Structure formats: structure tokens, C-alpha cells
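Only one structure is covered here, and it is reproduced in the block below.
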Amino acid sequence: MAAKFMQMALTPAVQAAQDRYFGRHFVMADAPERDALTEEELSFIATRDSFYMATNNADGWPYIQHRGGPAGFLKVLGPNLLGFADFKGNRQLLSTGNVEGDDRVALFLMDYPGRERLKILGHARVLDAREHPELADQLSPTPELRHRIERLFLVHAVSYDWNCPQYITPRYTEAEIEQRIAPLKARLAELEAQVAARAG
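Number 11 in my numbering belongs to position 7 of the sequence shown; there are no gaps in the numbering.
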């Protein structure tokens, strides 16, 4: 766990819960203003095709939204700056409205086959894509999707944490399944050809 994440997450209430259940709590060390994302985090982010984003509404209720797109649609724009395009959807704009009132967000990125997860805490802002066409071009996952972009989310990452894989159930996309069964399909085709040759 990065130092800043520890400092932000270990509130007195969390430490009291640790005392109650474990008889001791983690002690917060001095932390930098932000934990710099390393090459490991940046590489992981660049290969995700989905993530979850948590925001808080004006009444303090948390809201979690799934974001998906082509691998790499969550783009690294700077050392601790991430961005993604927000497309035309159901018109609820819950995350957009929440960020206007409270810019704190949490991103939860999963790699189910690799049984890895990365949590990122940061501050977000939402821009109108019509007012920032060059940034919209940069954040568009594909040229075909450019016309559907309405808003742009920028997330200034403050800290991050990697979780252990203990309870992550492996899940696979269609492309990942195809890649894994390709050798089996090739072998099956080879055996079928052998059978056909003998029968002929």
C-alpha cells in the first residue's frame, strides 16, 4: 500500500475497527503530497478495457458506475493524470453531477485472468467535449467513436493500492477465451483431417 493511500484510508474509525478485530491498528507514516504512479501502474492502466468509478452525491451517498471500452480507453495523459471520454448514454449524468459537488473519486481496475486489482484515489473534473475538441480527439478510443463523445473526465491521481489476488475469481473476455482455446481448435482440426484422410 502506497504511503499516501495509507494516510488517506486509515481514518480514526478504521483504526478503531482494526483495534477491535485485530487488537492493533496500522500506524500512518509520513506521506508525500501524492504517490507517483510507477511504470507498473501505468502499464496496467493502459491495458484495461473496463473499470469502476465511485463518486459521492450531495447527500453523502456513494455511487459506483462501470466504464468500459476498447483496451486503453482510460488514457495516461501525464505522470499522475488520467483521462477518458464520456459517451452519450442514459442521460442520468449521476457521476458528472456528483463530481461537480465533490471531486473525490475512486477508480477500481480489475484484471480477472491475472487476478490483480488496482485502486486509485484522486480528484476528477468534467469538461464539455465541445469546448475541448483537441482533448476529445486525444481521448477518443477509436476514430469511429469520436462523434459520440459528450464529456471528458480528467482524474488527478493522488494515491493507489494493489490488492492481493486471494478472492479474485478469474473471468475471461471472448477474445481471451479465443486465445486460450486456439491451440485446442488447431489440434482438433488436425485430428479431424487425419480421420478424414484415413476414411478416404
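Glycine included, C-beta positions come from ideal geometry on N, C-alpha and C.
Since this is a predicted model, take the numbers as computed values, not measurements.
#### Entry: Ala32 vs Ser99 beta-carbon contact at 8 Å
The sequence shown places Met at residue 32, rather than the Ala named in the question. No; because the gap between Cβ atoms is not below 8 Å, this pair is not in contact.
### Any non-hydrogen atom of the ligand FMN closer than 7 Å to Lys8 Cβ
This structure does not include the ligand FMN; it has no bound ligands of any sort.
#### Entry: Chain-order list of residues whose beta-carbon lies under 6 Å from that of Leu113 (same chain, five-residue window excluded)
Arg52, Phe55 and Leu122
### Query
Curious, which full-length alpha helix (DSSP H) runs of at least 4 residues does the segment 11–42 contain?
16–26
### Message
Using 8 Å as the threshold, is the C-beta distance between Phe91 and Arg152 below it?
### Response
Yes, these two residues count as a Cβ contact at 8 Å.
### Message
Beta-carbon within less than 8 Å of Pro66's beta-carbon, same chain only, minus the 5 sequence neighbours each way: which residues are those?
### Response
Correct list, in chain order: Ala58, Thr59 and Asn60.
### Message
In the DSSP output, which residue or residues are listed as bridge partners for Gly93?
### Response
Beta-bridge partners assigned by DSSP to Gly93: none are found.
### Message
Between which residues of its own chain and Ala20 is the CB-CB distance below 8 Å, once the five residues before and five after are set aside?
### Response
His29
### Under 8 Å between C-beta atoms of Leu131 and Leu158
yes
### Task
Could you tell me which residues DSSP pairs with Val199 in its beta bridges?
Beta-bridge pairing links Val199 to no other residue.
### Query
So is Tyr164 buried or exposed if we call it buried at 16+ other beta carbons inside 10 Å?
buried
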